[in-house]
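Student:
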Amino acid sequence: MKKLILFIFLCSFQVYGQNIDLEKTINLIITEIIPSNFKYINLAEKNLIEKEFDYSIQNYQKREIFIKDSLFPIELITISKEEKRRINWKTFKLNNCKIYSENDCISIVRNSRYLIKVKNKTEYDSIINLNIPNAIVVIINPKWGKHKKILEIRKATEKIENVEKNIEDQFYFSFSIPVFSENKKYFRIAIYKGKQNKGEGSSKIFKIENETLTEVFEYNRWKTEVYTVN
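Below, the structure is given as structure tokens:
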């Protein structure tokens, strides 16, 4: 029984240590990619699953890597190490980011808004406190006439539309779980940057040295586009 308790304790301690390392790494990534004029980034709460990406690279690309860093462990790219876990970034202490579901992230960058009608100030305050992205909340008294209701909705929507959109809310990001080399000095990560009607992503290799990141190589670039059909 004591051995079982000790085993569970050691496993829990190991997972805790891995999460701390992961948290530090993602915070370094956020610092690395955040533009200087941004106060924060929007981050999709679920991680990208990296098994969707192809790890193969050409010989000339290998030469490029070794020119930049002769000690680079090439197996980090050439040997598939799938990270199948699903995690929620909300469970980590990440700096300078707002974390939403992917659907909410898409709603933010596309500036699509939806109306929530409430009956009184109490309901209004409770909805506002939920901080729902791009929601327009308006008090509509059931006793009002049709003209009054339309007028209040119009006033609420015009007020929102006159507010300039933050530059931060024109983009959102999604990260895979970093996969580390055996010596923990390098890792690869897939990063996706979504915009209003398109997005782009790639796999990147970083070197960690004195809690500073250096990008070694970028590969497996991909793009997405959204088409609207009337």
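Each number in the numbering used here comes from the position in the sequence shown (counting from 1) with 28 added on. Note that CB positions come from ideal geometry on N, CA and C, so glycine has one too. Values in this document were obtained by computation on a predicted structure and should not be read as measured data.
(1) Can you name the start and end residues of the alpha helix (DSSP H) that S135 belongs to?
(2) Between which residues of its own chain and N55 is the CB-CB distance below 7 Å, once the five residues before and five after are set aside?
(3) Just to confirm, is the Cβ distance from K174 to I168 under 7 Å?
(4) What's the C-alpha gap between I57 and Y152?
(5) Assuming I69 and I85 make a contact with CB atoms under 8 Å, what is their CB distance in whole Å?
(6) Count the C-beta pairs between the segment 60-68 and the segment 245-252 that are closer than 8 Å, then say yes if the count reaches three, no if not.
(7) Among all the DSSP beta bridges, which residues are the ones paired with I167?
(8) Which of helix, strand or coil does DSSP assign to Y88?
(9) What is the residue span of the beta strand (DSSP E) that T106 lies within?
(10) Looking at the strands, I want to know which residues DSSP matches up with E250.
(11) Which one of L179, I236 and E243 has the shortest CA to CA distance from D49?
(12) Report, in whole angstroms, the separation of the C-beta atoms of E73 and I127, which I expect to be a contact under 8 Å.
(13) Going by DSSP, what residue range makes up the beta strand (DSSP E) through L71?
Tutor: Let's see:
(1) Within the sequence shown, numbered from 1, the residue matching residue 135 stands at position 107. Under the DSSP assignment, S135 falls in the alpha helix (DSSP H) whose first and last residues are E130 to R138.
(2) Here the question's residue 55 lines up with position 27 in the sequence shown. Annotation for N55: L122 and N123 place their beta carbon closer than 7 Å to its own, counting only its chain and skipping 5 residues before and after.
(3) Against the sequence shown, residue 174 aligns to sequence position 146. Against the sequence shown, residue 168 aligns to sequence position 140. At least 7 Å separates the beta-carbon of K174 from that of I168.
(4) Stepping through the sequence shown from its first residue, residue 57 is reached at position 29. Stepping through the sequence shown from its first residue, residue 152 is reached at position 124. The alpha-carbon atoms of I57 and Y152 are separated by roughly 37 Å.
(5) Locating residue 69 in the sequence shown gives position 41, counting from the first residue. Locating residue 85 in the sequence shown gives position 57, counting from the first residue. The C-beta distance from I69 to I85 rounds to 28 Å, too long to fall under 8 Å, and the pair is not in contact.
(6) The count of Cβ pairs closer than 8 Å, one atom from the segment 60-68 and one from the segment 245-252, stays below three, leaving the stretches out of contact.
(7) The residue labelled residue 167 in the question sits at position 139 within the sequence shown. Within the DSSP bridge table, the entry for I167 names V146 as partners.
(8) To locate residue 88, count along the sequence shown from 1; it is residue 60. When secondary structure is reduced to three states using DSSP, Y88 falls in the helix class.
(9) One-based indexing of the sequence shown puts residue 106 at position 78. It is not in any beta strand (DSSP E) - T106 instead sits in the alpha helix (DSSP H) that spans E103 to T106.
(10) For the purposes of this step, residue 250 is taken as residue 222 along the sequence shown, with counting starting at 1. With the sequence shown as reference, residue 250 is identified as Trp, and Glu is not the correct amino acid for it. Beta-bridge pairing by DSSP links W250 to G229.
(11) For the purposes of this step, residue 49 is taken as residue 21 along the sequence shown, with counting starting at 1. Distances from the CA of D49 to each of L179, I236 and E243 were compared; the closest alpha carbon is that of I236.
(12) As a first step, residue 73 is located in the sequence shown; it is residue number 45 there, counting from the start. As a first step, residue 127 is located in the sequence shown; it is residue number 99 there, counting from the start. Contact check for E73 and I127: beta-carbon distance about 5 Å, within the 8 Å limit, so the pair qualifies.
(13) Counted from its first residue, the sequence shown places residue 71 at position 43. I69 to A72 is the span of the beta strand (DSSP E), which, as asked, contains L71.
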